[in-house]
Each structure stands twice: as structure tokens, then as C-alpha cells.
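Have a look at the structure below before the remarks.
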Amino acid sequence: MKKWTALLLALAMALSLAACGDPGTQENTSEPPASVSGSITEETSAPTGTETPAEGPNESPAEGPAESETPTAGDPSSVLIAYFSWSGNTEQVAQIIQQETGGDLFEIAPATAYTDDYNELLDIAQQEQSDNARPELAGQVENWEQYDTVFVGYPNWWSDAPMAVYTFVESYDWDGKTLVPFNTSASGGFGRSLLGLEESASGAAILEGISFTERTLGDAQSEVTAWLDSLM
4 MKKWTALLLA
14 LAMALSLAAC
24 GDPGTQENTS
34 EPPASVSGSI
44 TEETSAPTGT
54 ETPAEGPNES
64 PAEGPAESET
74 PTAGDPSSVL
84 IAYFSWSGNT
94 EQVAQIIQQE
104 TGGDLFEIAP
114 ATAYTDDYNE
124 LLDIAQQEQS
134 DNARPELAGQ
144 VENWEQYDTV
154 FVGYPNWWSD
164 APMAVYTFVE
174 SYDWDGKTLV
184 PFNTSASGGF
194 GRSLLGLEES
204 ASGAAILEGI
214 SFTERTLGDA
224 QSEVTAWLDS
234 LM
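Residues in the sequence shown are numbered from 4 upward in steps of one, following my numbering.
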């Protein structure tokens with residue numbers, strides 16, 4: 004926790020220096036690249052490369068983190084952990100990151116919940132990518148301006164992030180913020196999603212992310228700790 008607080012301080016100082024050289028901000032309007040055909044590699048193994056969900060997608064609608072005072076440099080309240088999770092595995096990783104950093108959790112949830120039928124989900128996810136869709140979300144982050152570092156987590160769907168994640172990313176101004184990705188999949192890793200995040204989160208500094216598979220998810224606690232330490 005002390006190491007992570009030191010990292011936040013260093014990031015805040017770096018962002019302050021960058022802000023001195025570029026006082027202007029601009030609204031993010033970029034979009035991720037068009038999707039290509041592939042196979043869903045969901046959060047862990049299941050038929051055709053993803054897991055039978057540990058829980059359905061009909062989780063409670065996301066709510067913004069509770070209001071807090073404007074954070075000072077190195078304050079954990081300047082950290083947000085935003086995640087989309089269908090089977091619960093990405094949520095598990097998000098909770099570990101929250102324990103390590105003391106940041107706020109925010110669930111990226113579509114206004115209309117995805118089906119809990121895996122085969123039907125395959126078709127929906129592929130169609131959304133084909134349409135380059137931006138599903139409406141159930142909630143938004145309150146006090147976005149207070150967060151300096153935002154972790155963004157999601158499963159690998161057809162070698163990309165779910166389209167709801169791009170809705171989230173493109174809904175906010177990332178100028179001067181730090182984005183840290185994390186991901187769960189059967190074996191596909193980040194796929195092409197890192198490029199999509201870079202294009203959608205214009206103005207953000209993007210740090211090295213972490214990706215979990217079925218084999219590594221069991222060691223998520225120690226892996227997350229080591230990963231956060233490596234960001235120093």
C-alpha cells in the first residue's frame with residue numbers, strides 16, 4: 004500500500020509537469036478500430052474457449068463512487084477501478100486491485116443487461132463489434148475529475164474489449180489521467196483491445212496492464228501485488 008501511494012505521488016507530479024506544457028484540454032471523440040471475426044475468449048475457459056459463467060450478467064446496476072473531498076497527491080481516493088464483468092472473474096481481479104490500492108470500485112454495466120445464455124451472448128457480442136456499437140450504460144462515475152489513475156478491466160470478447168467498455172471510456176475526458184488496463188480471458192490476452200483503449204482514451208497515459216487466464220487466475224492475489232510493485 005505504501006509503494007502504491009508513492010506511485011500515485013510520482014504519477015501526480017508527472018501529470019502536473021505535463022499540464023504545465025499543455026494547458027488546454029479537448030473532448031475525446033476517437034473510436035476503436037473496426038472489429039474482425041474471431042472467437043470470444045471469455046473470462047476463463049468454457050465451450051469454444053470461454054467459461055460457463057460463475058454468475059449471470061444481471062448484476063446490480065453500477066453506481067458512482069461516493070462523494071469525497073478533492074484528493075491530494077498520493078491519496079487513494081484519486082484511484083478508480085472500473086470494470087466490466089460477465090461471469091464474475093474480472094470483478095474478482097477488480098476487488099483485489101481495490102484492496103491493494105484503496106481506490107473506489109465502479110461497475111461498467113449496460114443499461115440492458117446481457118443474456119446469461121452463453122451461446123446467445125456469442126452472437127450479441129459479435130454483432131455489437133460488427134456494428135461498432137456503444138451500448139448505453141446503467142450508471143456513470145460521479146466526481147470523475149477527482150480521479151488521477153483509472154484501472155479499466157474487462158474480459159476478452161472476440162479478441163477485443165466488450166463494446167460497453169468503449170462506451171465507458173469515451174464518456175469521459177482523459178486528458179492528464181493515467182489508464183491502467185487489466186483483463187481476463189481463456190487464452191487470448193488483451194487481443195487488440197489495447198489499441199482500442201489508446202484511441203478511445205485520448206490524452207491518457209497508459210501503463211502496462213495485466214492479463215489473467217484460467218491457469219493464472221488462482222494466483223491473482225500475488226500476481227496483482229507483484230504487478231503493482233512493478234509499476235514503480
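Where a beta carbon is used, it is the ideal one built from N, C-alpha and C, also for glycine.
Opposing strand residues paired with residue i [DSSP bridges]
i       : result
Ala-208 : Thr-181
Val-82  : Thr-152
Thr-187 : Pro-158, Phe-215
Asp-163 : Trp-160
Pro-138 : Partner(s): none; Pro-138 has no beta bridge.
Extent of the continuous beta strand (DSSP E) to which residue i belongs
i       : result
Glu-110 : 107-110
Gly-156 : 152-158
Ser-214 : 213-215
Of the listed residues the options, nearest to residue i (C-alpha basis)
i       : options                            : result
Asp-151 : Gly-199, Val-82, Glu-173           : Val-82
Asp-107 : Ala-116, Gln-132, Pro-79           : Pro-79
Gly-156 : Met-235, Asp-222, Ala-112          : Ala-112
Leu-210 : Gly-91, Leu-140, Leu-234           : Leu-234
Ser-90  : Ala-189, Asp-222, Arg-195          : Ala-189
Ile-213 : Ser-205, Gly-206, Ala-204, Ala-223 : Ala-223
Asn-135 : Leu-125, Asp-119, Ala-167          : Ala-167
Gly-142 : Val-227, Thr-115, Asp-176, Thr-219 : Thr-115
Tyr-121 : Phe-87, Trp-160, Asn-146           : Trp-160
Ser-205 : Trp-177, Ser-133, Thr-228, Leu-220 : Trp-177
Glu-148 : Leu-124, Ile-100, Gly-179          : Gly-179
Host alpha helix (DSSP H) of residue i (start-end)
i       : result
Ser-174 : Careful: Ser-174 lies outside any alpha helix (DSSP H) and carries neither H nor E.
Ser-203 : 196-203
Tyr-121 : 121-134
Val-227 : 223-233
Asn-146 : Counting along the chain, Asn-146 falls outside any alpha helix (DSSP H), and DSSP gives it neither H nor E.
Check whether residue i and residue j have beta carbons under 9 Å apart
i       : j       : result
Leu-140 : Phe-185 : no
Thr-93  : Pro-138 : no
Val-153 : Leu-182 : yes
Arg-195 : Ser-174 : no
Glu-110 : Ala-85  : yes
Pro-165 : Glu-201 : no
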